[in-house]
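The block underneath contains the structure these notes are about, expressed in structure tokens.
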Amino acid sequence: MSDVRVLTLWKDEKINEEEALLLRRLCEDIRVPFDEERKKEIRTLVDAFLSMDEAAGLAAPQIGISKKIIIFRNKGFNEKGWSKDESDYELLINPRITQARGEMVTMTEGCLSCPEIQVEVSRYPEIKIRAFDVSGRKINKRYTDYVARVAQHEIDHLEGKLIIDCEGTLYIPKQKQEFFERTFGKIKAVNGNGISRNI
Ligand SMILES: [Zn+2]
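First residue of the sequence shown: 110, per my numbering; consecutive thereafter.
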């Protein structure tokens, strides 16, 4: 089990200024081969992710590590108790999108770092990524559909970009409408349906 906490932009009705700064930072590339400190950071992210049943993905800055490391499930998005076998998730270091194809698809997304809201986000349905694996080997990956969406969401985190920066409709819980309107200005839609998965 991991006792690492996921940083959030706000909690209840209070803005987390310090955590927001960490979430907004541009992450650094990791130098290859990885030194001991970096290996520890990679392990910390993997352990944190595997300790979560609800998350579809997690990026290092979400746990306060400003390095380009992301991890996400590659299947079983609707399962709560997924097997967490190594073949069930992707761990990418210094990921870079080398190709994006298809017409953008718009879908509602949630994020562990932006609790209680969902935003409609447009993403490419197919991407190719160049990255390093856990042993520092160069890898090329291709993802489609929902996995491609999750990968793009996690890569955005490495650039300090969050779903609230996207232009799409924002869904908030009605009981907190006042707080979110104070935070975001005019809200386009209330009553989050709570069905989108946190990534
Ligand atoms: Zn996220």
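Quick reminder that beta carbons are idealized off the backbone N, C-alpha and C, glycines included.
These numbers come from a predicted model, not from an experiment.
An exposed status is given to L130, since fewer than 16 other beta-carbon atoms sit within 10 Å of its beta-carbon. Distance from the C-beta of S222 to the nearest heavy atom of ligand 1 is below 8 Å. When the five nearest sequence neighbours on each side are left out, the beta carbons in the same chain lying within less than 8 Å of the beta carbon of I273 are those of L118, C223, I226, V228, L279 and F293, in order along the chain. Taking 3 residues as the shortest admissible run, the stretch 260 to 284 contains the following complete beta strand (DSSP E) segments, listed from N- to C-terminal end: 279 to 281.
With distances taken between CA atoms, K176 lies nearest to L135 out of D162, L135, L116 and K237.
One alpha carbon belongs to A209, the other to I281, and they sit about 30 Å apart.
Contact between the stretch 180 to 189 and the stretch 205 to 221 is absent: fewer than three C-beta pairs spanning the two stretches fall below 8 Å.
Annotation for E263 indicates a beta carbon within 8 Å of some heavy atom of ligand 1. G269 sits away from I202, with the two beta carbons spaced by 9 Å or more. DSSP, read as helix, strand or coil, puts Y198 in strand. In the three-state DSSP reduction, Y252 falls in the strand class (E or B). Here DSSP, grouped into helix, strand and coil, assigns F143 to coil. The Cβ-Cβ distance between E235 and A257 falls below 9 Å.
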